[in-house]
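Here is the structure we will look at, set down as structure tokens.
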């Protein structure tokens, strides 16, 4: 028993190190005097000052935010509709849920290539803003749906029946009872949609057209201009801090459903 516990603790510690050491290392490089050496050394904020004066990343950031907001809204609406409908199904619930979750098992580059072919040759959609929104939605929706199903699976439909017996209209039952109780899942779906869209790269490569998102900007700058790499370190460190804060907020919100 003690050996098993040691193995589990060691494995957990190893996984945590694999997750967080690269993040901390990137943060150290962003304030290092010679970040291109790959080793943190010294301390300087010159790269952050250079990032503040460099405006090349601003438009890609704005594009990423606009796309992510659209994806978040779509995820919230679609997850709300599916999350309310699926628990009421019987035989079709499992296959439909699995169909919604199928994109999770498809590699991002494969999905991007399939979406490019579908948009270009089948639907005739030009690559650009809306092709990015739809592609990011395909990727983010399964996570948003899981967030919503966590809440709807615990929902007590007897509350709606009681409200109907008391004379509440369908609209009143939705806005005054159902919507507040489903809000944690709804917000979680929106946060999943925003964060996954904002950081999406492999699918964006195929369907971006003339639009450059922040991940595409980071990838292009880091692969073609070594002088920009320190700024990319700083930018991604800041994004990691913001994403972590949003993720913590999302986890805390979803944790309310277990109380």
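Residue numbers (the UniProt record's numbering): 1 to 259. Beta carbons are placed, not taken as given, at the ideal position from N, Cα and C, and that holds for glycine.
Contact under 7 Å by Cβ, residue i with residue j
i	j	result
residue 213	residue 223	no
residue 133	residue 234	no
residue 86	residue 93	yes
residue 197	residue 126	no
residue 151	residue 185	yes
residue 209	residue 118	no
residue 201	residue 215	yes
residue 149	residue 252	no
residue 41	residue 50	no
residue 43	residue 58	no
residue 191	residue 246	yes
residue 211	residue 63	yes
residue 240	residue 21	no
Residue from the options whose Cα sits closest to the Cα of residue i
i	options	result
residue 109	57, 94, 99, 207	207
residue 28	237, 98, 76	237
residue 65	217, 118, 231, 195	195
residue 101	252, 79, 131	79
residue 77	117, 58, 189, 53	189
residue 140	199, 96, 39	199
residue 163	178, 153, 149, 58	178
residue 187	46, 146, 170	146
residue 48	60, 35, 39	35
residue 218	4, 6, 60, 23	60
residue 111	95, 96, 131	131
residue 56	228, 242, 3, 249	228
residue 39	114, 52, 45, 25	25
residue 88	4, 5, 18, 155	155
Anticipated Cβ contact below 8 Å, residue i with residue j, distance rounded
i	j	result
residue 182	residue 173	With 8 Å as the limit, residue 182 and residue 173 do not qualify as a contact, their Cβ atoms being about 12 Å apart.
residue 72	residue 193	4 Å
residue 144	residue 75	4 Å
The ligand NAP heavy atom lying under 6 Å from the CB of residue i
i	result
residue 40	No copy of the ligand NAP occurs in the structure displayed, which carries no ligand at all.
My parser needs the alpha helix (DSSP H) runs of 4 or more residues fully inside the region 83-121; what are they? 93-101, 108-117
Sequence ranges, alpha helix (DSSP H) only - wholly within the region 169-208, length at least 4: 170-173, 179-198, 204-207
Every unbroken alpha helix (DSSP H) inside the region 6-93 [4 residues or more]: 46-53, 58-85
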